[in-house]
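Each residue of the sequence shown is one higher than the last, beginning at 209 in this note's numbering.
Virtual Cβ for every residue (Gly too), placed ideally from N, Cα, C.
The structure presented is a predicted model; accordingly, all values stated were derived computationally and were not measured.
Structure first, then comments.
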Amino acid sequence: MVLFTIAGGYSSRVSTAIGNEVLIASTNCGYLKQALSPLRTAAANVYHGDRINNAAAYASQCYSDKVSPGMTQCSLLTTPRIVGNKDTRAHCPFNNTICRETSKNLRVDSGFLDSHIHFGLNATPDQRISWRNVFHCAPMVTEGYTSLYFNSHPDKSLDGSTLYHYGGFSFAERRDYMFLAKTLQSQYSLMLSNDSVLSYSNLDLQVIPVIIENGTSSPYSFVPIEQVARDDADLFILFLSGNGVIFSQPSEDPWYRVAHASTQFVVFGADYESEDNLYLPLEPASPLGCTAQYQFCNAGSGKCGPLASQMDAIAGAAPYFDTTYADFKADNPKTETAARFIYFVKSAITSNTAYFNDMLAHLGSQALFSQKNLVNGWQYNLEVDQWQQDVSHIWDIMMASHQSALLNAASGPTDPYILQGWVNYTASGFKTLCNNQGALSVWTSRMDDKFYSAAAAVSIRSSK
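Okay, here's the thing in structure tokens:
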């Protein structure tokens, strides 16, 4: 019996009870397909949003080095925490000229994760799937890659904004930039105004994805410049803006880029007036470039697909699981091996898990580890390697999300709007996998004054 935990509630039907074990008999075992209508898009965002929030909560509690052995919610997973190999002095993932540091970057390699040991998909060693994720990030220089924005329209509110030229749209020749950031004056005018009463701000975090398919940018994706282009990885550029947040001290962190020189700030109260020194960012936005690579191996044969972008990694590994990329997309397994591969990848890695950019679009700056020291618009105690702590925390959230996704697939949703975009596994090989998942218990936890179902210990039993 293999125990698995789902970070997030589920609704399902119980068909059989064996001792303290109950089997999940959901009629909606499947995955969420890409939304095509606004209504389905909204429902899909809510579905993924709930699971992202739960994964973030689980990562904060259970991926910490200070987890107490007695914390029940962190002891239900087969592998409570996926610990990657973190190289904090990694090389630049791009052309060396575009990284702020050539040898102080972060590379997180999950190593090969076992579908049975790490994800609870019960199988004999020869039937298992090995999955690897490599995440590599570096703060990027802005000198030579920015320009000021001015337009001919009557509305001049964006004039003077900074454009970041790390790529553009392939179908919009006039758009040769990737991001626009408002001026520092615009970002801080309200926070520093003597006319404002109170204005609590938070950092602004935006992410621009470049998805690679067949070794090149997918249609309607950004096309990166040569200095950051990769044909063997998906690319994400994260732009961090101060957005009115005041820093309590200067920082050497190469992503936050806080000025060494202070600015005086006058605080007025009902019967007092005081002066404080504060610190502001050096630039309107600071870019961080990240690459994401995937690899799938057939543990039985020992054969592996390429370490590549998500799409290309799946396509390259498909032949080693008796299938093709076309059959993978069509949910058309010809063998039990193919069914297991398609089921695992779509349930745990792709369709039921928000991709990196979608996860950050939902969490925003709440994904940053530095948030624990942000109070009322003041950012305290930034470490020299704060950006590496932030990226490590984001990676933890991604891993927690993947760990819980298999159970979300087996239980399925009940919301009728979500069900409109839900695809049930119908092939016989899928049904065998769906019907072998059982729950031992469900517990409820309280976090941030909100109750939600946080985990369910699950056994995945072989029918053989």
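Give me, in chain order, the residues of the same chain whose beta-carbon lies closer than 6 Å to that of Phe377; leave out the 5 immediate sequence neighbours on both sides. Numbered from its first residue, the sequence shown carries residue 377 at position 169. Result list for Phe377: Arg383, in chain order.
Practice task
Would you identify the three-state DSSP class for Ile681, choosing helix, strand or coil?
Solution key: Missing from the structure shown is residue 681; the chain here goes from 209 to 672 and no further.
Exercise. Taking Ala252 as the reference, which of Asn584, Tyr563, Ser268 has the closest Cα?
Worked result: In the sequence shown, the residue the question calls residue 252 occupies position 44. Comparing Cα-Cα distances from Ala252 to each of Asn584, Tyr563, Ser268, the minimum goes to Tyr563.
Note to self: My output table needs one value for Leu388: the three-state DSSP class, helix, strand or coil.
What the structure shows: Working through the sequence shown from its first residue, we reach residue 388 at position 180. Three-state DSSP puts Leu388 in a strand.
Note the first and the last residue of the continuous alpha helix (DSSP H) segment covering Lys639. Locating residue 639 in the sequence shown gives position 431, where the first residue counts as 1. Segment 636-642, the alpha helix (DSSP H) holding Lys639.
Quiz item: Under the rule that 16 or more other beta-carbon atoms within 10 Å means buried, what is Ala389, buried or exposed?
Solution: On the sequence shown, position 181 is the one that residue 389 refers to. Buried is the call here.
Practice problem: Give the range of the alpha helix (DSSP H) segment to which Leu571 is assigned. | Solution: Here residue 571 is taken as the residue at index 363 of the sequence shown, counted from 1. Element bounds for Leu571: 564-571.
key: Nearest-angstrom Cα separation, counted from Asp295 out to Trp463   = Position 255 of the sequence shown, counted from the start, is the residue given in the question as residue 463. Position 87 of the sequence shown, counted from the start, is the residue given in the question as residue 295. One C-alpha to the other measures close to 18 Å.
- Less than 8 Å separating the beta-carbons of Tyr357 and Ser365? As a working mapping, residue 357 is identified with position 149 in the sequence shown. As a working mapping, residue 365 is identified with position 157 in the sequence shown. No, the pair does not count as a contact, with Cβ atoms beyond the cut-off.
- [ ] Just list the beta strand (DSSP E) runs in the segment 259-317, keeping only unbroken ones of 3 residues or longer that don't cross its boundaries, in chain order.
- [x] 293-298, 313-317
message = To the nearest angstrom, how far is the alpha carbon of Ser338 from that of Thr354?
response = Reading the sequence shown from its first residue, position 130 is the one you call residue 338. Reading the sequence shown from its first residue, position 146 is the one you call residue 354. Answer to the nearest angstrom: the Cα atoms are 42 Å apart.
Leu576: which of Ala437, Ile290, Asp598, Gln269 sits nearest, CA to CA? For the purposes of this step, residue 576 is taken as the residue at position 368 of the sequence shown. Measuring from the Cα of Leu576, the nearest candidate turns out to be Asp598.
| field | Which listed residue (Gly450, Asn410, Tyr374, Met399) has its alpha carbon closest to that of Pro417 | value | As a first step, residue 417 must be located in the sequence shown, where it is residue number 209. Nearest option by C-alpha distance: Tyr374.
Note to self: Can you look up Ser355 in the DSSP assignment and give me helix, strand or coil?
What the structure shows: By one-based count along the sequence shown, residue 355 stands at place 147. The answer is strand: DSSP assigns Ser355 an E or B state.
Out of Leu641, Lys312, Ala441, Ala617, which has the shortest C-alpha to C-alpha gap to Arg259? As a first step, residue 259 is located in the sequence shown; it is residue number 51 there, counting from the start. Nearest of Leu641, Lys312, Ala441, Ala617 to Arg259, Cα basis: Ala617.
Could you check the C-alpha separation between Val553 and Gln518 for me, to the nearest Å? To locate residue 553, count along the sequence shown from 1; it is residue 345. To locate residue 518, count along the sequence shown from 1; it is residue 310. One C-alpha to the other measures close to 10 Å.
Exercise. For Gly257, which residues from the same chain have a beta carbon less than 6 Å from its beta carbon, with the 5 sequence-adjacent residues on both sides left out?
Worked result: Taking the first residue of the sequence shown as 1, we reach residue 257 at position 49. Only His570 meet the Cβ criterion.
Cβ neighbour criterion (16 or more within 10 Å) applied to Gln281:
Counting from 1 along the sequence shown, the entry for residue 281 is found at position 73. Answer is buried; the Cβ neighbour count reaches 16.
_Looking at the strands, I want to know which residues DSSP matches up with Cys345._
Along the sequence shown, one-based indexing puts residue 345 at 137. According to DSSP, Cys345 bridges with Leu314, Cys498.
Tell me which residues share the same chain as Ala264 and place their Cβ nearer than 8 Å to its Cβ, disregarding the 5 neighbours each side in the sequence.
For the purposes of this step, residue 264 is identified with residue 56 of the sequence shown, where counting begins at 1. Counting only Cβ-Cβ distances below 8 Å, and skipping sequence neighbours, we find Leu571, Gln574, Ala575, Ile605, Ala608.
Could you have a look at Phe552 and say whether DSSP puts it in helix, strand or coil? Sequence index remark: in the sequence shown, residue 552 carries index 344 (1-based). Helix, per DSSP.
Leaving aside the five residues before and after Ile226 along the sequence, list all residues of the same chain whose C-beta is less than 6 Å from its C-beta, in chain order. Taking the first residue of the sequence shown as position 1, residue 226 is located at position 18. Per-residue confidence for Ile226 stands at a pLDDT of 41, beneath the threshold of 50, marking its modelled position as unreliable; the derived number appears in the next sentence. Same-chain partners within the cutoff: there are none.
Contact under 8 Å by Cβ, Pro489 with Ala467: For the purposes of this step, residue 489 is taken as residue 281 along the sequence shown, with counting starting at 1. For the purposes of this step, residue 467 is taken as residue 259 along the sequence shown, with counting starting at 1. Yes, Cβ-Cβ distance for Pro489 and Ala467 is below 8 Å.
Where do the N-terminal and C-terminal ends of the alpha helix (DSSP H) with Leu614 fall, by residue?
Against the sequence shown, residue 614 aligns to sequence position 406. Per DSSP, Leu614 belongs to the alpha helix (DSSP H) from 594-619.
Residues in the same chain with beta-carbon distance under 8 Å from Asn485, minus the five sequence neighbours each way, listed in chain order, please. Walking along the sequence shown from the start, residue 485 turns up at place 277. Closer than 8 Å at the Cβ level, and outside the excluded window around Asn485, lie Ser470, Thr471, Gln472, Phe473.
Note to self: Please classify Asn589 as buried or exposed, where buried requires at least 16 other C-beta atoms within 10 Å of its C-beta.
What the structure shows: For this step, residue 589 is matched to residue 381 along the sequence shown. Asn589 is exposed by the Cβ-count criterion.
Going by alpha carbons, who is nearest to Thr543 out of Tyr533, Gly423, Phe529, Ser360?
By 1-based counting over the sequence shown, the position of residue 543 is 335. Cα-wise, what sits closest to Thr543 is Phe529.
Check your understanding: Any idea if Gln501 is buried or exposed, counting beta-carbon neighbours within 10 angstroms, 16 or more meaning buried?
Key -> As a first step, residue 501 must be located in the sequence shown, where it is residue number 293. With 16 or more other CB atoms across the displayed protein chains lying within 10 angstroms of its CB, Gln501 is buried.
*What are the start and end residues of the beta strand (DSSP E) that includes Ile445?*
Numbered from its first residue, the sequence shown carries residue 445 at position 237. Where Ile445 is concerned, the enclosing beta strand (DSSP E) stretches over 442-449.
*asked:* Between Leu515, Cys505, Met567, which has its C-alpha nearest Phe549's C-alpha?
replied: On the sequence shown, residue 549 is found 341 positions in, with the first residue counted as 1. It is Cys505 whose Cα lies nearest to the Cα of Phe549.
Does the beta-carbon distance from Tyr344 to Cys512 come in below 8 Å?
For the purposes of this step, residue 344 is taken as the residue at position 136 of the sequence shown. For the purposes of this step, residue 512 is taken as the residue at position 304 of the sequence shown. As written in the sequence, residue 344 is His, which differs from the Tyr given in the question. Taking 8 Å as the Cβ cut-off, His344 and Cys512 do not qualify as a contacting pair.
Under a three-way DSSP split, which group does Asp535 fall into? For this step, residue 535 is matched to residue 327 along the sequence shown. Three-state result, Asp535: helix.
Point to revise | Ile337, DSSP secondary structure in three states | key: Within the sequence shown, residue 337 is the residue found at index 129, counting from 1. In the displayed model, Ile337 falls within a strand according to three-state DSSP.
Whole-angstrom C-beta distance between Val316 and Glu460, which should lie under 8 Å: Here residue 460 refers to the residue found at position 252 of the sequence shown. Here residue 316 refers to the residue found at position 108 of the sequence shown. Their Cβ separation, rounded to whole angstroms, is 22 Å, which puts Glu460 and Val316 out of contact at 8 Å.
Check: Gln503: which of Leu371, Ile557, Ile454 sits nearest, CA to CA?
Finding: Start at 1 with the first residue of the sequence shown, and residue 503 comes out as number 295. Of the listed residues, the one whose Cα sits closest to Gln503 is Ile557.
### Task
For Cys642, collect the residues of the same chain with a Cβ closer than 7 Å to its Cβ; drop the 5 residues on either side in sequence, then sort them by chain order.
For the purposes of this step, residue 642 is taken as residue 434 along the sequence shown, with counting starting at 1. Counting only Cβ-Cβ distances below 7 Å, and skipping sequence neighbours, we find Cys237, Ala618, Tyr633.
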